[in-house]
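Just add 1144 to wherever you are in the sequence shown, counting from 1, and you've got my numbering. Where is the CB? At the ideal position from N, CA and C, for every residue including glycine. Here the structure comes first, spelled out in C-alpha cells, and everything after it is commentary.
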Amino acid sequence: MIPVALTIAGSDPSGGAGIQADLKTFHQFGVYGAAAITLITVQNTRRVSRVECLAPKLVAEQIAAVVEDIPPRAAKTGALGNRAVVEAVAEAAAAFRFPLVVDPVMISKHGAPLMDAAAREALIALLLPLAFLVTPNLPEAEALTGAAIGDLDGMKRAAAHIHGLGAAAVLVKGGHLPDTATDVLLVDGKWHDFPAPRIGTPHTHGTGCTYSAAITAGLALGLPTAEAVARAKKFIGEAIRSNPGLGGGAGPVNHFAPAH
C-alpha cells in the first residue's frame, strides 16, 4: 500500500510554500499526500498581503477526517497562525501514533508574521513535547531559545536547548549562516552535520516547507531520521539549484527535482 503523509499547514496560492509545496514534495517522493489547512494567505513571489486563520474546530475536524480513514505514516505542521489553532493541533497530535515533524514557521519569506507571540508560547509548551523532529531555521531557533546563533556551535547549543523542551530530535538549519548552509541534527543523543554550499539565488520561497515535507516523506517511507534528513537535504539543494525562476520576487524552488 502506498504510504500516506499528512501536512497541517497554511495555503499559499502562488504554490511555492505551505500545503501546495508539501503536497508536491510528497508526490515527488512517491508518498500520497493529505492536507489539513490551518490558514489562508494572499501572497505571491513579491509579497504577503493577507493572512486569515481558520477556526480551530475546523482545523481539528480536517485532521480527524484524514486520520480515521486514511491513516498517515507521518505528519508535519507548518504555519499555524494563532494560539487557538496550535492548541487544537496539539490536542489532535497527542493521539498520533506516527511521527510528527514540527516546522515552527513564524515569518514568511517576505517578512509577514505567521505566528504571534501567544502561539509561539503554546507551540513550545504543547506541541514541541509531541514532536518526533523539530526543524527550525536560525531565526526560529533564536525565537525558541532566546539566544543569538551565529555559528555551528551556537546551532548545537540551540538544538540541545530545544531537545530539552521535549522534542525527541532537532534539526537546526543553517541557511541563514553567512558562508555555508550546513544543518545540524541531534537525534538519539548523536550529532549529525549536513554541509552544503551556499547557492546564490533569490528563488528560495518555500524552502523550509519543502525541506520538512521531504523529511516527512522519508519518515513515511520508513527511513531512519538521519537518513530521511540526508535524502531531503540533497533534494532541497537540487530544488534550489534548478529553480524555475518564476515570478518577479522570491520565486519557488523546483518541486520536480529528483528525490534521491
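**Request:** Pull up the CB-CB distance for L1267 and P1248, whole angstroms please, since I reckon it's below 8 Å.
**Result:** Numbered from 1 along the sequence shown, position 123 holds the residue referred to as residue 1267. Numbered from 1 along the sequence shown, position 104 holds the residue referred to as residue 1248. Distance from L1267 to P1248 at the Cβ level is roughly 6 Å; contact confirmed, criterion being Cβ atoms closer than 8 Å.
**Every unbroken alpha helix (DSSP H) inside the stretch 1180 to 1224 [4 residues or more]** = As far as the stretch 1180 to 1224 is concerned, its whole alpha helix (DSSP H) runs of at least 4 residues are 1200 to 1213.
**Asked** With a Cβ-Cβ cutoff of 8 Å, do A1340 and T1354 count as a contact?
**Response** Here residue 1340 is taken as the residue at index 196 of the sequence shown, counted from 1. Here residue 1354 is taken as the residue at index 210 of the sequence shown, counted from 1. A1340 places its beta carbon 8 Å or farther from that of T1354.
**Message:** Let me check understanding here. Comparing Cα to Cα, which of R1241, I1214, L1270 and A1218 lies closest to A1232?
**Reply:** Here residue 1232 refers to the residue found at position 88 of the sequence shown. Cα-wise, what sits closest to A1232 is L1270.
**Asked** In the stretch 1365 to 1400, which residue ranges form an unbroken alpha helix (DSSP H) of at least 4 residues, counting only runs that do not cross its ends?
**Response** With a minimum length of 4 residues, the continuous alpha helix (DSSP H) runs that stay inside the stretch 1365 to 1400 are 1369 to 1385.
**Item:** Cβ pair T1348, V1314 closer than 8 Å
**Value:** Here residue 1348 corresponds to residue number 204 of the sequence shown, with the count starting at 1. Here residue 1314 corresponds to residue number 170 of the sequence shown, with the count starting at 1. Cβ atoms of T1348 and V1314: not closer than 8 Å.
**Message:** Is the beta carbon of A1199 closer than 8 Å to that of V1175?
**Reply:** Position 31 of the sequence shown, counted from the start, is the residue given in the question as residue 1175. Position 55 of the sequence shown, counted from the start, is the residue given in the question as residue 1199. Result no, Cβ atoms of V1175 and A1199 do not sit closer than 8 Å.
**Prompt:** If we count Cβ pairs, one from each stretch, closer than 8 Å, do we get three or more for the stretch 1383 to 1394 versus the stretch 1188 to 1205?
**Reply:** The answer is yes - the stretch 1188 to 1205 touches the stretch 1383 to 1394, with three or more Cβ pairs under 8 Å.
**Contact between the stretch 1350 to 1366 and the stretch 1157 to 1166 (3+ Cβ pairs under 8 Å)** = By the Cβ criterion, the stretch 1350 to 1366 is in contact with the stretch 1157 to 1166, since at least three pairs of Cβ atoms, one from each stretch, lie closer than 8 Å.
**Proximity to I1152 [Cα-Cα], best of L1202, A1403 and V1186** = Mapped onto the sequence shown, residue 1152 falls at position 8. Nearest option by C-alpha distance: L1202.
**Prompt:** In or out: R1227 buried (at least 16 other Cβ within 10 Å) or exposed?
**Reply:** On the sequence shown, position 83 is the one that residue 1227 refers to. Taking every protein chain shown into account, the CB of R1227 has 16 or more other CB atoms within 10 angstroms, so this residue is buried.
**Message:** Alpha carbons only, please: which of G1318, T1279 and A1292 is nearest the one belonging to R1342?
**Reply:** As a first step, residue 1342 is located in the sequence shown; it is residue number 198 there, counting from the start. Comparing alpha carbon positions, the residue from G1318, T1279 and A1292 closest to R1342 is G1318.
**Asked** Per DSSP, F1276 is paired with what?
**Response** Here residue 1276 is taken as the residue at index 132 of the sequence shown, counted from 1. Paired residues: none, contrary to the question.
**Prompt:** Contact check, A1358 vs V1328 under 8 Å by CB: the rounded distance?
**Reply:** Working through the sequence shown from its first residue, we reach residue 1358 at position 214. Working through the sequence shown from its first residue, we reach residue 1328 at position 184. Going by Cβ atoms, the distance from A1358 to V1328 rounds to 17 Å, so no, they are not a contact pair.
**Message:** In the DSSP assignment, the beta strand (DSSP E) including T1348 goes from what residue to what residue?
**Reply:** Taking the sequence shown and counting its residues from 1, the one referred to as residue 1348 is at position 204. Boundaries for T1348: no beta strand (DSSP E) harbours it, and the DSSP string shows neither H nor E there.
**Prompt:** Which residue or residues does DSSP assign as beta-bridge partners of G1177?
**Reply:** Counting from one through the sequence shown, the residue named residue 1177 turns up at place 33. Answer by DSSP bridge pairing, in chain order: A1149.
**Message:** For M1299 and H1336, what's the separation of their Cα atoms in angstroms?
**Reply:** Residue mapping note: residue 1299 aligns to position 155 of the sequence shown, counting from 1. Residue mapping note: residue 1336 aligns to position 192 of the sequence shown, counting from 1. Approximately 12 Å, taken between the alpha carbons.
**Request:** Could you check the C-alpha separation between I1214 and F1240 for me, to the nearest Å?
**Result:** In the sequence shown, residue 1214 corresponds to position 70, counting from 1. In the sequence shown, residue 1240 corresponds to position 96, counting from 1. One C-alpha to the other measures close to 13 Å.
**Item:** Close Cβ partners of A1376 (< 7 Å) along its chain, the five nearest in sequence each way excluded
**Value:** As a first step, residue 1376 is located in the sequence shown; it is residue number 232 there, counting from the start. Correct list, in chain order: Y1355, A1358, I1359 and G1362.
**Asked** Looking only at DSSP bridge pairs, what is P1339 linked to?
**Response** For the purposes of this step, residue 1339 is taken as the residue at position 195 of the sequence shown. Answer is none; P1339 lacks a bridge partner.
**Prompt:** Taking the C-alpha atoms as reference points, what is the distance between D1297 and V1316?
**Reply:** As a working note, residue 1297 is residue 153 in the sequence shown. As a working note, residue 1316 is residue 172 in the sequence shown. Cα to Cα, D1297 sits roughly 11 Å from V1316.
**Request:** Let me know if H1399 comes out buried or exposed under the rule of 16 or more other beta-carbons within 10 Å of its beta-carbon.
**Result:** Taking the first residue of the sequence shown as position 1, residue 1399 is located at position 255. With 16 or more Cβ atoms within 10 Å of its Cβ, H1399 is classed as buried.
**Asked** For the candidate residues G1290, E1196, V1245 and L1288, whose alpha-carbon lies nearest to that of V1186?
**Response** Within the sequence shown, residue 1186 is the residue found at index 42, counting from 1. Of G1290, E1196, V1245 and L1288, the residue nearest in Cα terms is E1196.
**Message:** Tell me which residue opens and which closes the alpha helix (DSSP H) that V1230 is part of.
**Reply:** Numbered from 1 along the sequence shown, position 86 holds the residue referred to as residue 1230. Where V1230 is concerned, the enclosing alpha helix (DSSP H) stretches over R1227 to A1237.
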